[in-house]
Amino acid sequence: LGGGMVPGAVMLIAGEPGIGKSTLVLQVALHLSDKQVLYVSGEESAEQIKLRANRLSSSETKIKILSDTSLENIIYQAEVHKPEVLIIDSIQTMQSERLESAPGSVGQIRECTQILTGFVKKNNLPLILIGHITKDGSIAGPKVLEHMVDCVLQFEGDMNHVYRILRATKNRFGSTAEVGIFEMLSTGLREVANPSEILISDSTEELSGAVIAATVEGARPLLIEVQALVSTAVYGTPQRSAIGYDLKRINMLLAVLERRVGFRLSQKDVFINIAGGMKIADPAVDLALIIAILSSDFDLAMKKRWCFAGEVGLTGEVRPIQRIEQRISEARKLGFERIIVPAGNLKNLPKQNNIHVIGVNKVEDVLHKVFQKKQD
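In structure tokens:
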């Protein structure tokens with residue numbers, strides 16, 4: 004949130020079902036031991052919430068639990084108990100008597116949010132709303148819901164992995180560059196202080212198709228492992244598959260490799276995976292992806308202490324990227340010896356100690372520096 008909860012602020016936490024939204028918000032409530040918290044749930048009974056709270060924390064708290072979906076009753080209870088923090092889980096289950104439509108409908112969500120917003124602004128207390136998302140990833144309900152709240156937080160992660168990312172997509176009272184990374188345990192969510200060490204394999208063996216990329220999540224630099232597997236297409240039509248990265252961008256990079264550099268990959272299957280269940284949208288991962296694809300194709304392992312950061316354009320040039328100093332600093336902190344970056348980022352870059360920074364202008368330059376030395 005960029006410094007804490009502002010009195011009267013309305014915060015919406017959105018995410019897929021089962022990702023851990025209720026767990027996250029309940030943990031926040033349990034940590035607010037000096038505040039009077041009213042936790043309203045339209046999905047669970049008070050007994051179920053108490054069982055989860057006992058699992059997450061053993062200390063006594065002042066949380067009051069209300070299991071109800073009637074908005075008018077919730078407002079009445081809030082006026083009686085005068086909480087300092089109000090939590091609604093979830094906004095899609097709330098129903099106002101003013102409308103006859105069912106809970107979760109566009110009208111009900113808009114009306115309930117509007118009434119709750121007016122109440123907390125008048126009484127100067129923060130409100131946390133939990134919202135579900137649809138299959139296409141947007142917040143369920145009207146788009147206007149995002150405009151009515153002060154802060155929108157997206158809670159993301161892969162259900163098959165233990166890591167979760169909390170990012171702000173809108174924040175009227177702080178930065179949207181803050182990112183929280185958590186590990187889901189049986190006792191709740193634990194903050195991951197240094198995610199780079201977890202996301203990189205600690206294997207001492209050098210393997211082909213595995214390359215380290217220096218990326219940025221919000222304002223936070225991360226080192227991630229990019230994995231590629233290239234094999235001959237058996238069934239005629241080559242397969243293209245990507246987990247954790249945009250498949251359209253992968254196809255673009257394959258076209259650049261074929262048209263600009265001369266590698267024939269049109270008759271080969273290409274599979275891409277971002278290790279650890281991470282979903283990355285940073286174009287600076289392009290360079291690492293290309294190296295991983297060619298490393299798998301040549302069956303040449305990359306050096307363990309090399310990493311890459313650079314955006315690749317359609318002409319094959321390696322374009323300058325943002326936050327280059329943070330990326331280099333993160334690589335140096337984790338003991339990397341070399342980092343290959345766009346030459347355009349070296350102009351105003353201060354002298355780096357304990358890490359060799361190599362600038363490249365085109366994809367061909369990278370291939371000569373990486374694979375020529377490997378073959379020699």
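When we follow this note's numbering, the leftmost residue of the sequence shown carries the number 4, and every step to the right adds one. Ideal placement from N, C-alpha and C gives every residue a C-beta, glycine not left out.
Strictly under 8 Å for the Cβ-Cβ distance: is residue i near chain E by that measure?
i, result
"A287", "Protein chain content of the structure displayed is limited to a single chain, and chain E is not contained in it."
Apply the 10 Å Cβ neighbour rule to residue i and answer buried if 16 or more other Cβ atoms are within range, or exposed otherwise.
i, result
"V13", "buried"
"L4", "buried"
"D302", "exposed"
"Y79", "exposed"
"N348", "buried"
"D285", "buried"
"P10", "exposed"
"L54", "exposed"
"D37", "exposed"
"V237", "exposed"
Once you ignore the five residues that flank residue i on each side, which residues in its own chain have a CB closer than 6 Å to its CB?
i, result
"H359", "R341"
"Q39", "K65, P86, E87"
"V155", "L15, E149, T172, K173"
"R326", "V219"
"P353", "none"
"A291", "V214, A216, V229, F311"
Tell me the residue span of the alpha helix (DSSP H) that contains residue i.
i, result
"Y79", "74-84"
"R335", "327-336"
"H34", "24-34"
"V366", "366-370"
"Q157", "Taken as a continuous stretch (DSSP letters only), Q157 belongs to no alpha helix (DSSP H), being part of the beta strand (DSSP E) at 154-160."
"E149", "147-151"
"K173", "No alpha helix (DSSP H) contains K173, which is instead part of the beta strand (DSSP E) from 166-174."
What are the partner residues of residue i, as DSSP defines its beta bridges?
i, result
"N2", "With the chain running from 4 to 379 in the structure shown, residue 2 is simply not present."
"Y42", "I68, I90"
"V109", "Per DSSP, none; premise fails for V109."
"K271", "T235"
"R322", "E314"
Just to confirm my understanding: we take residue i, look at its own chain, exclude 5 residues before and 5 after, and list those with CB closer than 8 Å. What are they?
i, result
"S104", "G110, Q111"
"L260", "F266, L268, I293, I296, L297, V366"
"Q30", "L59, S60, G191, L192"
"G21", "M162"
"D379", "Here the model assigns D379 a pLDDT of 44, short of 50, so the residue's position is not dependable, and the following value carries that caveat. Hits under 8 Å: none found."
Check for me: the beta strand (DSSP E) holding residue i runs from which residue to which?
i, result
"E194", "191-194"
"I294", "Segment 289-301 is the alpha helix (DSSP H) holding I294; no beta strand (DSSP E) there."
"P198", "Run containing P198: none in the beta strand (DSSP E); it sits in the alpha helix (DSSP H), 198-202."
For residue i, I'd like the list of residues in its chain whose CB is within less than 7 Å of its CB, leaving aside the five on either flank, ordered along the chain.
i, result
"A287", "T218, A312, G313, E314, I324"
"C310", "I215, A216, A217, L226, A334, F339, I342"
"Q157", "A17, G18, R170, T172"
"V28", "I16, I90, D92, I131, I133"
"I277", "I227, V229, I246, G247, Y248, I283"
Tell me whether the stretch 319-335 and the stretch 356-374 touch, counting them as touching only if at least three CB pairs, one residue from each stretch, are closer than 8 Å.
Yes, the stretch 319-335 touches the stretch 356-374.
Does the stretch 64-77 come close enough to the stretch 96-109 that 3 or more CB-CB pairs lie under 8 Å?
Touching, per the Cβ criterion.
Below 8 Å, how does it come out for the stretch 256-276 and the stretch 226-243: are there three or more Cβ pairs, yes or no?
At 8 Å Cβ cutoff, the stretches touch.
If you pair each beta-carbon of the stretch 215-230 with each one of the stretch 252-261, do three or more pairs fall below 8 Å?
Contact check between the stretch 215-230 and the stretch 252-261: fewer than three CB pairs, one atom from each, fall below 8 Å, which does not count as touching.
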